[in-house]
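Please read the structure below before turning to the comments.
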């Protein structure tokens, strides 16, 4: 999921303006910092999952669109 989300960012970043990029990337880059301070628990991922699923879906849609050509 994380790898697909990283690949999905490639498709989204060129479309976004600078403020939109900041809004998208700030939580993705800063939220995982909590894992360095507290013991890991699966529920810590829940607030980030929707963003990862959305970015992964963008990548998968890009693959589907590419193969339809």
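Residue numbers (my numbering): 165 to 233. Note that beta-carbon positions come from the ideal geometry of N, C-alpha and C, so glycine has one too.
Sixteen is the threshold: since fewer than 16 other Cβ atoms of the shown chains lie within 10 Å of the Cβ of residue 182, the residue is exposed.
For residue 202, there is no enclosing alpha helix (DSSP H), as DSSP gives it neither H nor E. Taking the Cα of residue 169 as reference, the smallest distance to any Cα among 219, 233, 201, 226 is reached at 219. With contacts defined as CB atoms closer than 9 Å, residue 223 and residue 185 fail to qualify as a contacting pair. In this structure, residue 202 sits away from residue 195, with a CB-CB distance that is not shorter than 9 Å.
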